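S.K.: Got a structure for you, questions after.
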Amino acid sequence: VKLPVCHTLADGTSEPITVLEAVVRQTGIYAASRSGRLSVFWGDQIFVPTSPFNAAPTHHVDIMCTLEEEPPTAKVWKDKGLDKYGVIAVSGSGSGDAAQVEKVDHATAVRMLKNLGDIGRVGPSLGSFSVSAKILEALCEEFKGELEAKDGKLDTDPHFWMPLTLPQDEYISLMSQKGVEADESRSHHMRMTKMKDAFLAANSDLGLFGAVDVGSNACWWDYGQLKLYTTNNLKLTEDGPDADLLRRFFGVTSRDMNSEVSGVTVDKSACVFSCKAKSGSVGANVAMASVEAQEIQIGENAIVVNCAAKKIVAGKGAVLYNLISESEEGIVAEDGDVIVSVTDVEGSSMLLRSKTSICGGQAWKKVIEGNSSSFEDVHKQNRDADVSSIEKKRKELFKKASSSFGL
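Under our numbering, the residues of the sequence shown are numbered 7 to 413, in order.
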């Protein structure tokens with residue numbers, strides 16, 4: 007997924023950075039202290055820690071979270087909205103041992119976390135984690151049968167971390183909220199407890215489960231949903247400490263970088279990166295990157311990424327992504343339109359349309375007006391696609407289109 011900000015490649019050219027490339031850039035700061043461990047990070051969010059990031063691991067499993075500075079009283083729990091998150095709680099005993107609960111109130115959390123004793127600090131989980139080679143080997147051995155048969159589906163939070171850190175009755179209660187039968191949860195908890203006891207008896211060099219605090223004031227930018235993609239990309243155009251840090255992270259030193267738009271009227275708040283256009287206008291708080299056209303008319307709060315056409319018109323709050331057109335009318339989007347091009351290895355493209363007001367998750371199986379397939383169908387058709395070959399073909403088509411109208 008490309009963002010409306012560019013980075014410079016080894017050959018000196020620039021192109022929109024992807025979320026995954028940004029994640030690799032951001033998480034690299036943890037590499038030196040994570041030698042010999044498997045680290046797993048979300049591929050659709052970026053965070054910049056305010057806590058030290060070079061501490062040596064103290065537990066076989068550690069999970070990243072934003073721990074609150076205040077003691078976890080009932081008031082803090084409510085005021086911070088911790089009942090709406092997966093929460094990591096750290097023991098106040100000094101051991102650093104932690105446990106995970108999910109979307110529970112303060113009283114329920116205290117009961118569920120009684121194994122920790124006094125709770126020292128709590129905070130929302132980021133989901134990213136690292137595991138030692140030893141615990142990874144133990145998990146692979148425990149689930150060897152399922153892995154070889156490629157049978158079943160387990161998620162780390164409900165099936166690993168929570169049964170490893172919560173008492174059986176509390177685990178069963180929590181899983182019942184997810185619609186899981188008590189017998190199934192009990193059996194799984196017993197299995198994980200047996201594995202845990204055998205593992206700790208042979209591997210006492212580290213604790214089992216701990217927390218890595220990224221700081222309660224850490225910056226956290228999520229691009230995993232359309233509404234978050236638009237909100238955090240438009241932050242590039244905003245003022246304030248969070249926006250300043252985001253621009254600094256991406257190496258943005260000016261709101262107009264590597265662009266040729268001298269004939270275009272550009273609002274001072276807009277961000278225009280690696281774009282070419284001869285005429286037109288760009289409204290307030292627009293974020294656009296790698297856009298080439300003879301004429302552009304971009305409305306406020308629009309996002310345009312990797313698009314080439316003779317003329318590009320984007321209404322207020324529209325999102326245009328990976329679009330290429332050699333037609334005379336070019337690309338036209340109304341207010342709030344979302345238009346994305348899906349390209350195959352042969353270079354054939356289809357347009358997917360939506361609205362910024364539509365939740366893609368809720369509409370996943372529906373055929374939105376203007377489309378011939380549902381989002382789910384398009385995903386199934388393209389899940390095994392050769393992304394590298396498609397990207398190479400798309401670049402060829404982009405260059406061809408741009409050259410056809412003299413840019």
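Ideal Cβ positions, reconstructed from N, Cα and C, are used throughout, including at glycine. What you are looking at is a predicted structure, and each value in this text was computed from that prediction instead of being measured.
#1: His65: buried (16+ other C-beta within 10 angstroms of its C-beta) or exposed?
#2: Please confirm whether Cys281 and Leu251 have their CB atoms less than 8 angstroms apart.
#3: Is the beta carbon of Gly257 less than 8 angstroms from the beta carbon of Ala276?
#4: Please classify Asn121 as buried or exposed, where buried requires at least 16 neighbouring CB atoms within 10 angstroms.
#5: By how many angstroms is the C-alpha of Ile69 removed from the C-alpha of Asn60?
#6: Please report how far the alpha carbon of Ile374 lies from the alpha carbon of Glu301, in whole angstroms.
#7: Out of curiosity, what's the CA-to-CA distance linking Ser354 and Lys399?
#8: Please report how far the alpha carbon of Val292 lies from the alpha carbon of Thr243, in whole angstroms.
#9: In the DSSP assignment, find the beta strand (DSSP E) that holds Ala295 and state where it starts and stops.
#10: Return helix, strand or coil for Pro63, following the three-state DSSP convention.
#11: Just the Cα atoms here: how many angstroms apart are Gly286 and Pro10?
#12: To the nearest angstrom, how far is the alpha carbon of Gly98 from that of Gly133?
#13: Comparing C-alpha positions only, which one of Asp392, Ser136, Phe166, Ile330 sits nearest to Ser45?
#14: Over what stretch of residues does the alpha helix (DSSP H) that includes Gly216 continue unbroken?
#15: Is the beta carbon of Ser296 closer than 8 angstroms to that of Ala315?
#16: With distances taken from CA atoms, which of Val325, Ser191, Phe166 is nearest Phe215?
#17: Could you check the C-alpha separation between Leu357 and Val344 for me, to the nearest Å?
#18: How big is the Cα-Cα spacing for Ala320 and Pro247?
M.R.: Result, derived from the coordinates:
#1: buried
#2: no
#3: no
#4: exposed
#5: 15 angstroms
#6: 29 angstroms
#7: 10 angstroms
#8: 7 angstroms
#9: 293-304
#10: coil
#11: 19 angstroms
#12: 22 angstroms
#13: Ser136
#14: Run containing Gly216: none in the alpha helix (DSSP H); it sits in the beta strand (DSSP E), 213-219.
#15: no
#16: Phe166
#17: 10 angstroms
#18: 29 angstroms
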